[in-house]
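For reference, the structure is listed below as structure tokens.
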Ligand code: C2R
């Protein structure tokens, strides 16, 4: 999705070890037909490249930055310091503190430099994709319709699960009743 079309979303991550999680953001954006690009850069390990990359992407028309990082996760905050576009942070799970370190590093931004922080790990990465699409949908009616259809799909999937459970419980209780009747005979 990233290469042919001008990317509206930039997915940045601190290391290739974040890729399995951050690819969930990409899958979600694919689903909504939103163009994106993905890059690895680190505020800690490659500060110059991070600065240049964010400035260039900003100038080239990226509208939303989604940033995943783990441990002492400063990348999203640094990206937010370099652009006036919205920055969505995804704290990676794992590490000695199971992602709580990354969560706090990402969410506890000082006033004036917000990072919209998602849940730790895969759920956060998925939600970052949805949230980025929601921001872009403010000016894109077709995208808003796709998001509305996604909501309906979510609702339907819960109903399907509930129907399945209800029918399994009904079958089980009928089987028990049948066995009990057998015992009475
Ligand atoms: P390695 O797997 O490369 O050792 O990286 C990465 O996001 C990754 O989750 C371990 C973790 O370090 C994180 N990292 C940051 C930053 N750069 C890399 N938090 C940063 O600039 O904030």
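Numbering (the working numbering), first residue to last: 1 to 185. All C-beta atoms in this analysis are idealised placements derived from N, C-alpha and C, irrespective of residue type, glycine included.
query: For the stretch 46 to 111, which segments carrying the alpha helix (DSSP H) assignment without a break, of at least 4 residues, lie completely within its bounds, in sequence order?; result: 47 to 59, 75 to 82 and 100 to 107
query: Quick one: what's residue 9 bridged to in DSSP?; result: 36 and 64
query: Measure from the alpha carbon of residue 96 to the alpha carbon of each residue in 80, 72 and 90, then state which is nearest.; result: 72
query: At a threshold of 7 Å, does residue 23 count as lining ligand 1 (C-beta to nearest heavy atom)?; result: no
query: Within 10 Å of its beta-carbon, does residue 55 have 16 or more other beta-carbons around it, so buried, or fewer, so exposed?; result: exposed
query: Helix, strand or coil, according to DSSP, for residue 2 in the structure here?; result: Confidence at residue 2 is low in this model, with a pLDDT of 47, below 50, so the placement of that residue is unreliable and no value is reported for it.
query: Who does residue 116 pair with in a DSSP beta bridge?; result: 88
query: Just to confirm my understanding: we take residue 40, look at its own chain, exclude 5 residues before and 5 after, and list those with CB closer than 7 Å. What are they?; result: 13, 15 and 16
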